[in-house]
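Take a look at the structure set out below.
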Amino acid sequence: MRKENQISQANNYIIENFSEHHLDDVMEIEVHANPTPWTKQTFEKILELRSQSFVIILNSQIVGFCIANKVLDECHLQNISVADTMRRQGIGNFMLDILKKRMNLAGITVVLLEVRKSNKVAQDFYRENGFQELSIRKDYYQTKNGREDAIIMRLKGP
Ligand SMILES: CC(C)(COP(=O)(O)OP(=O)(O)OC[C@H]1O[C@@H](n2cnc3c(N)ncnc32)[C@H](O)[C@@H]1OP(=O)(O)O)[C@@H](O)C(=O)NCCC(=O)NCCS
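In structure tokens form, the structure reads like this:
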């Protein structure tokens, strides 16, 4: 279960809505976190949407980002990542807590996401935060050697 002190520890971080001036730092995290990283153009397209996306800043450095969109009455969590040197310190939990609060304010009660079948760390992280496995999307992801299934996970609100 989650450590009680993690949120107050993470409260030292600054939260900013994802903007153009964050792009380079977000890309730097992305290339180290994703086996097939999103391109800068993909992030730029996100900026054109009315998204719920934000970054977490510590000492003027972006240490994590969360890319999520409101689709009708659902939220699609498209990408979430913490700088590799900053992991396992509660920043991921903190970002999901922020997302849940934003979803509540927007009247959204369901968050959906896809995660690589091989990405057990992320699956543990999502389960720890109340997500449940919903289904499998066959060959959804590109890998270096071919394709990989996605697990679709869902979080239901209160
Ligand atoms: C998944 C990710 C965002 C988690 O961020 P984080 O800041 O390290 O997560 P937290 O410190 O808030 O951890 C919360 C809980 O998740 C689980 N968890 C996180 N990292 C874990 C690991 N390496 N092994 C097992 N469980 C882990 C634990 O239950 C942890 O709670 P605990 O530390 O009290 O045991 C981060 O590992 C990451 O950026 N990974 C690369 C990008 C990625 O895979 N994103 C998801 C794409 S679908």
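Going by numbering that gives the first Met the number 0, the residue at position 61 of the sequence shown is 60; the numbering climbs one at a time, nothing skipped.
For each residue, glycine too, the CB sits at the ideal point set by N, CA and C.
In this text, all values refer to a predicted model and were calculated from it rather than measured experimentally.
Given this structure, state the Cα-to-Cα distance separating Ile97 from Thr142, to the nearest angstrom.
In a straight line, the C-alpha of Ile97 is about 31 Å away from that of Thr142.
C-alpha gap between Asn11 and Lys100, whole angstroms
18 Å
Using beta-carbon positions only, say whether Glu158 and Ile150 come within less than 8 Å of one another.
Only positions 0 to 157 of the chain appear in this structure, which leaves residue 158 out of reach.
Given Arg86 as reference, the closest of Val70, Val62, Lys116 once Cα atoms are compared:
Val62
Would you check whether ligand 1 has a heavy atom nearer than 7 Å to the C-beta of Gly91?
Yes, ligand 1 has a heavy atom inside 7 Å of this Cβ.
Quick one: is the Cβ of Glu27 within less than 7 Å of any heavy atom of ligand 1?
No, Cβ of Glu27 sits at least 7 Å from all heavy atoms of ligand 1.
Would you say Ala32 touches ligand 2, meaning its beta carbon is less than 7 Å from a heavy atom?
Summarising the ligand content, the structure contains ligand 1 and does not contain ligand 2.
Check whether the Cβ of Arg136 lies closer than 8 Å to any Cβ atom in chain D.
Among the chains in the structure shown there is no chain D, since it carries only a single protein chain.
Okay, do the region 70 to 86 and the region 28 to 39 touch, 3+ Cβ pairs below 8 Å being the bar?
yes
Just how far apart, CA to CA, sit Glu147 and Phe124?
The alpha-carbon atoms of Glu147 and Phe124 are separated by roughly 20 Å.
Nearest-angstrom Cα separation, counted from Val54 out to Met102
16 Å
DSSP-derived helix/strand/coil call for Ala32:
helix
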